[in-house]
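Position 456 of the sequence shown, counted from 1, bears residue number 456 in UniProt numbering, the numbering being contiguous throughout. Only one structure is covered here, and it is reproduced in the block below.
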Amino acid sequence: MKNNWKLFLSCALILVILQPLFGLPALKRKRQKYKVLILGAGSAGITAAKTLYDRGIRNFLVLEAQDYIGGRMKSVHFAGMKIEEGANWIHYVEEKDNPLNRLNKKYNLTGHLSNYSDFCMRDDFGNDITNLKTFHLWEKVRDELFAEGEKRDESDSPPRDMPASVYLKMRGWRSDSPVKRTFSWFDIDFEYGGDETVTSLNNMGFPGEDFFITDQRGYWTLFSDFYMRFREKILLNKPVTKIYYSDNSVTATTADGDEFIADYALSTFSSGVLGSGLVEFDPPFPKWKLEVIYRFRPVYFTKIFLKFPRDFWDDHEWIMHAGKKKGEFPTFYDLDRPGFFPGTGVLFTSVTGDESLRIEAQDNSKTMIEVMATLRKIYGENIPNATDIHVSKWSQNPYVRAAWTDPVVGTSWGHYENMAGRLGNLFFAGESTSSEWMGFVQGGYFTGQAKAKEIISCLKGKKCKPYRKAKKYVKAFSLEEWWEKVDGFMLLAVLNSCRRNSGVFCSGWRRMIKSFGAKMQASKAYELTRAVEHDTTATYHPPKEVCTGKNAIHDSRRIYIAKPIQRASLKFSGRVRALKA
């Protein structure tokens, strides 16, 4: 018996020693229990954690698969300085309700307002073909495209949407030459991450001002104070491999075998990760959830930084390359200039879509050869060789898989709602779940904050309704729910006339805005600061039951809205339509 006991101990010791060497199954780990689990430490996860902490919920844990905090906000060292591998611009800096502006007032990050009108264009032979006549023609049709995009949204029933290319052709524009393709790429591919044939018209609108961050503290500095009080609650290098969820709890299993159980969990995984199979969900996602995960378009956008011993390019902020091959390094951003990184000899270019996937899958040395071949076509054989290169590769990162998310043609309010909809006690946040700020850092911020508040409400035994999949384009909310949904966004149009069984049309918007403003202030909701006149000829048809019965006409506490869709319409803080008697 004594010898058997020694043999058992010896075998156990050998298993412990050999387990990490030969990948033998790990011994069962102890379960750890929390009130809330947050999966992912990007802008959504960290904002959610801060929201919990600030409101007295301290029993939470953040699990991050990578070895750093920040998600797609990541600074890297290059050519003796820091550059941004991911988010680089603060978009819509003119917006007063932009949370990044408020954060930047605290840190005063250095940077430069991008000047998209300071450009020149060259062809494959180095000729300066800056054609202002063609540019002004494009400028006119582009502005018509953006204006049409801002007038449209998914509140139409059925939704009126089309690829941007269809509308451009209707206006007489065809991107059928290198010059035209380059102009289209600069305003569509570069902004939306896809060409005009796949970009949703409903998602388009006039761009805001963009602030390019050059501060050597890095973009993530904006969020650095968020987690300083609970840094020990963030575990890095903890990739989640399986999530079991129910109406009572959520259990997350990590790659090293650890199990974490919580009353509620918040997933901030990107749509690419959710649909990749990297994480096993039990039970599997219902069909309506899978549909929206696969419906939204993962954007492939590659940033390429090159270091040269000296500058040799045109003295313009942007150098456009109108090459015969579509998507072949269409623009170069001069970073060796005042306001950026003067004297560094750094040039920045980018590619999108399939070209992005190809570039990110190959070795950087091959990419350098390709970029140098293009630059030599433009500036001649005597230019110096690049001495260093850095290529972002988000599509190759298994925990990210894309630069951001964009809606496809035909996306409706219901798709956004379903993307953000909870499954049991598992909630979802991140830019891909935001109808107002999809594709932006702000999307992570707002959704992380909002979902954390919902979880707090559940923990305190208050409002905690299960989510039911959206089927219609329009949903009814109480006044308080409506303001919670739009989060204080400005009212774009008020629909105040209801015709029995026929729908609603815009009229009397000035008078009704004033009336709504008074009600909002009286209910201690957000003050209505501005409104934009809407097309009074537009019609909108909600379900028939909306206009039947006295309550539909006289109950001022019922409001019908359609969730906003386009990013650019955010300069008007969302396309909101409301019904009031």
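C-beta atoms are modelled at their ideal positions from N, C-alpha and C, and glycine is treated no differently.
On a CA-only basis, which of Leu426, Arg58 and Phe230 is nearest Pro465? Give me that one, please.
-> The displayed chain sequence assigns Lys, not Pro, to residue 465. For the residues Leu426, Arg58 and Phe230, the minimum Cα distance to Lys465 belongs to Leu426.
In or out: Leu375 buried (at least 16 other Cβ within 10 Å) or exposed?
-> buried
Does DSSP classify Lys33 as helix, strand or coil?
-> strand
Provide the residue(s) that pair with Phe348 in DSSP beta bridges, ordered along the chain.
-> Phe305 and Tyr333
Who are the near neighbours of Ala265 in its chain, counting only those whose CB is closer than 6 Å to its CB and skipping five residues on each side?
-> Leu37, Val250 and Leu426
Is Glu259 helix, strand or coil when you go by DSSP?
-> strand
Per-residue burial, Ala147 [other beta carbons within 10 Å of its own, 16 or more giving buried] = exposed
Quickly, what does DSSP pair Ala163 with across the bridge? List them, please.
-> The residue you asked about is not Ala; residue 163 is Pro in the sequence shown. According to DSSP, which records beta bridges pairwise, Pro163 is partnered with Ser200.
In angstroms with no decimal places, state the Cα-to-Cα distance between Ile293 and Pro286.
-> 11 Å
Leaving aside the five residues before and after His112 along the sequence, list all residues of the same chain whose C-beta is less than 8 Å from its C-beta, in chain order.
-> Phe211, Phe212, Thr214, Gly339 and Phe340
Beta-carbon proximity list for Asp247, same chain, < 6 Å, skipping 5 on both sides | Gly424
Have a look at Asn127 and Thr134 and give me their C-alpha separation to the nearest angstrom.
-> 16 Å
Given Phe260 as reference, the closest of Trp394, Thr241 and Ser271 once Cα atoms are compared | Thr241
Taking the CB atoms as reference points, tell me whether Leu235 and Val62 lie closer together than 8 Å.
-> yes
Hey, how far is the Cα of Leu222 from the Cα of Ala87?
-> 12 Å
For the segment 407-433, which segments carrying the beta strand (DSSP E) assignment without a break, of at least 3 residues, lie completely within its bounds, in sequence order?
-> 426-428
Whole-number beta carbon distance between Ala402 and Ser270, since they are thought to touch under 8 Å | 6 Å
Is Phe446 helix, strand or coil by DSSP?
-> helix
Own chain, CB closer than 8 Å to Gly180, minus 5 neighbours either side, in chain order | One detail in the question is off: residue 180 reads as Lys in this sequence, not Gly. The answer, listed in chain order, is Thr134, Trp138, Trp173 and Arg174.
Own chain partners of Ser434 with C-beta closer than 7 Å, once the 5 adjacent residues on each side are dropped = Gly443, Phe446 and Thr447
Locate the alpha helix (DSSP H) running through Asp288, then write down its first and last residues.
-> For the record, residue 288 in the displayed sequence is Trp; it is not Asp. That run of the alpha helix (DSSP H) goes Lys287 to Arg295.
In the DSSP assignment, find the alpha helix (DSSP H) that holds Tyr92 and state where it starts and stops.
-> Counting along the chain, Tyr92 falls outside any alpha helix (DSSP H), and DSSP gives it neither H nor E.
Unbroken alpha helix (DSSP H) runs of length 4 or more, entirely within the segment 340-400: which are they?
-> 353-361 and 364-379
Is it the case that the Cβ atoms of Ala252 and Leu103 are separated by a distance below 8 Å?
-> no
Separation of Ala48 from Gln449, as counted between CA atoms | 5 Å
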